[in-house]
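Chains A and B supply the protein sequences, listed in that same order.
Residues -18 to 202 (our numbering) make up the first sequence, in order.
Residues 124 to 461 (our numbering) make up the second sequence, in order.
Everything on this sheet refers to the single structure shown next.
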Amino acid sequence: MIQFDDVSKRYEGGHTALNHLSFQIERNEMVFLTGHSGAGKSTLLKLIMMMERPTSGQVFVDGKNLNRLPARKIPEHRRGVGVVFQNHQLLFDRSVFDNVALPLIIAGFQPRDVGRRVRAALDKVGLLDKEKKNPITLSGGEQQRVGIARAVVNKPALLLADEPTGNLDPELSAEIMHLFEQFNQVGVTILIASHDLSLIARLPHRLISLKAGQLLRPEVA
Amino acid sequence: MSATPTRRQPKRSLAPVREPGAGASISPVQLKDRWRGYWANQKVVARQTLLRLVAQPASSMMTVLVIGIALALPVVMLVSLSNIEQLGRGWDGAARISLFLKRDVSDDNARGLADRLEQRKDIAAVQFTSASEALDEFRQLSGYGEVLDSLESNPLPGVLVVTPAGGDVDADTSRTLFDELSMLPDVDQAKLDLEWVQRLHAMMDIGKRISLSLGFLLSLGVLLVIGNTIKLAIEARRDEIVVVKLVGGTDAFVRRPFLYTGFWYGLGGGITAWLILQFSMLLLAGPVSMLSGLYESEYSLTGLGFGNTLMLWLTSGFLGWMGAWLVVRRQLKSIEPR
């Protein structure tokens, strides 16, 4: 599903975020991405999201070589990738429903399909009764679940999460991780960047550890 | 150029496990549905942006008023000019030729000449005023009755007033006819009342050009006003733009609400300009009808008319859209998710 071939990313100013990185994530896998801040986790996710382009090397997502994807194809690519952000990136000028509906409206779904899918996604994250609320009135854990609902509402084949439990207490974090596992069970490939090592250690998923833009240790299957 | 779905990179034997309705790389949206969804989105955005403007009447009204006043100026000027032109058209036919007859032409002969002239195709009407009629008229109007009485003979000649045929007579035809008529043996002197009409036309042309160039400049001003307003709106919605781009919104999708906002501002300005015009016409209607009453004319002010009003609104709406487009195109490039 995701393949990095000798990928390097150097930012202007000389900082090297990724250094000849190669790895592969299979379809339907659930993988944790760890490393200290500055190890290149965010850059890696940004390359998959095409928020950045690699300085050298190639990134493949779902068989597509992202280097060959022109800028005008980026929106279409992003629609196929669900993303959960550490700071949720929710919009507080609209309801929970409208936040979750955004990807569907962008993808051009009809209003009746939008309603059906949004409710299905909210149901999965257990927030069906909060659809009319403004996300600012929700707790941190609930906001994060709204973010997850928005990431999966378009039924993407690939789900990325950047520190999804960053601001949550251990109990809520475990809950969120369990939610990701459920999506993984129905066939979604999942890549979660996290430095919550104690939580990750308890979960039976492959680990990709980065240090200074390189793989830290051999991958654990 | 772009990667096609068939260009699969090294794929392991692991077959993709997919539950029904679970993961699909492409959202199952049919083209027809997508098109319908596109239009549904257009409608929704049009409504939302309008409601958003209405929800903040104070700030929206300011912009709309500025645009309205800017547009009203050239529109009011053009409407005034077209009214003057209409007034002038009434006199245009009055590019009449006055033929002052020689003293020795009798009234009967003069009437005969009038009849003959009236037969001509290039003449619409001939009106004869005999020397004595002219004197009576002059006596009544001038108030010099006693002075005239003291004169031994009538100093006034008989006059034929010739109206050229074909309502809108241009200067050249009138001039040819004038030359011909002034050669007639019975005619002492001919006078063509044309110069002031030409002067009026020239002035109208200048006025029109001034209002058009004013309209052009003020339209540029409207573009800038809307551009600036939209720029602020974009800044205020930066977060939303970032999120929309992150979840795969195309540039067109991101642009759409701002273009509609610009359009609504423009249209609102156009309607305001129209209201200003109607209001000033209302103010003028009284005095104008009094003036035209004094001149025994049935002249009344003419407004924009349906077609031109529609034109004004469409143009102002387009100006708003355009102003937004110019800014949005540049501004949105600078807002990318980081």
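Heads up, the beta-carbon is just placed ideally off N, CA and C, and yes, glycines get one too.
The CB of I129(A) never comes closer than 7 Å to any CB in chain B; the least such distance is about 13 Å. Per DSSP, R(-9)(A) is one residue of the beta strand (DSSP E) stretching across I(-17) to R(-9). Residues of chain A with a Cβ closer than 9 Å to the Cβ of L369(B) are, in chain order, M30, M32, R59, V64, F66 and Q70. Ranked by Cα distance from P116(A), the options R75(A), N48(A), R183(A) and A52(A) are led by R75(A). Residue contact with chain A for V366(B): present (Cβ-Cβ distance below 8 Å to some residue of chain A).
Residues L201 and L204 of the same chain have their beta carbon placed closer than 8 Å to that of K331(B), with the five preceding and five following residues left out of the count. Ranked by Cα distance from T170(A), the first of L85(A), L139(A), F13(A) and E112(A) is L139(A). Residue environment: T118(A) is assigned as exposed (fewer than 16 neighbouring CB atoms within 10 Å of its CB, all protein chains considered).
Chain B places no beta carbon closer than 8 Å to that of L172(A), leaving this residue out of the contacts.
Taking the Cα of G392(B) as reference, the smallest distance to any Cα among A237(B), L188(B) and K166(B) is reached at L188(B). The alpha-carbon of G191(B) is positioned some 11 Å away from that of L435(B). Following the DSSP letters along the chain, one finds P380(B) inside the alpha helix (DSSP H) bounded by residues D374 to L417. Taking C-alpha positions only, S154(A) is separated from T146(A) by approximately 5 Å. Among the residues of the segment 160 to 190 of chain B, those with a Cβ less than 9 Å away from any Cβ of chain A are G160, Y161, A163, N164 and V167, in the order of the chain. For H58(A), the enclosing alpha helix (DSSP H) starts and ends at I55 to R60. The beta carbons of L222(B) and A313(B) sit closer together than 8 Å. Close to chain B, meaning a Cβ-Cβ distance shorter than 7 Å, are the following residues of the segment 68 to 98 of chain A: Q70, L72, L83, P84, I86, I87, A88, G89, F90, Q91 and P92. Setting aside the 5 residues that flank it on each side, R452(B) is surrounded in the same chain by R378, each with a C-beta closer than 8 Å to its C-beta; the list follows chain order. P116(A) is outside the set of residues whose beta carbon lies under 8 Å from a beta carbon in chain B.
L400(B) sits close to V198(B), with the two beta carbons spaced by under 8 Å.
If you look at I364(B), you'll find it in the alpha helix (DSSP H) that goes R361 to L369. Residue-level contact by beta carbon holds for T373(B) and chain A, with a gap shorter than 8 Å. Taking a 10 Å sphere around the C-beta of S255(B), we find fewer than 16 other C-beta atoms and assign the residue as exposed.
In the three-state reduction of the DSSP assignment, L191(A) falls in the strand class, which pools E and B. Here DSSP, grouped into helix, strand and coil, assigns N164(B) to helix. For P84(A), the enclosing alpha helix (DSSP H) has its first and last residue at V77 to A88.
Residue-level contact check: R453(B) does not touch chain A, since none of the beta carbons of chain A fall below 8 Å from its beta carbon. Taking 8 Å as the threshold, the shortest C-beta distance from E363(B) to chain A falls below it.
Taking a Cβ-Cβ threshold of 7 Å, the residues of chain B close to P56(A) are G371, G372 and T373, in chain order. Scanning its chain for C-beta atoms nearer than 6 Å, with the 5 sequence neighbours on each side dropped, one finds around L109(A) the residues L103, in chain order.
Residue environment analysis places Y161(B) among the exposed positions, since fewer than 16 neighbouring C-beta atoms fall within 10 angstroms of its C-beta. Among the residues of the segment 372 to 396 of chain B, those with a Cβ less than 7 Å away from any Cβ of chain A are G372, T373 and F376, in the order of the chain. For the set T352(B), A396(B), L369(B) and I394(B), the Cα lying nearest the Cα of T384(B) is the one of T352(B).
At least one CB of chain A lies nearer than 8 Å to the CB of P460(B). When the Cα atoms are used, V133(A) and V365(B) turn out to be separated by approximately 18 Å.
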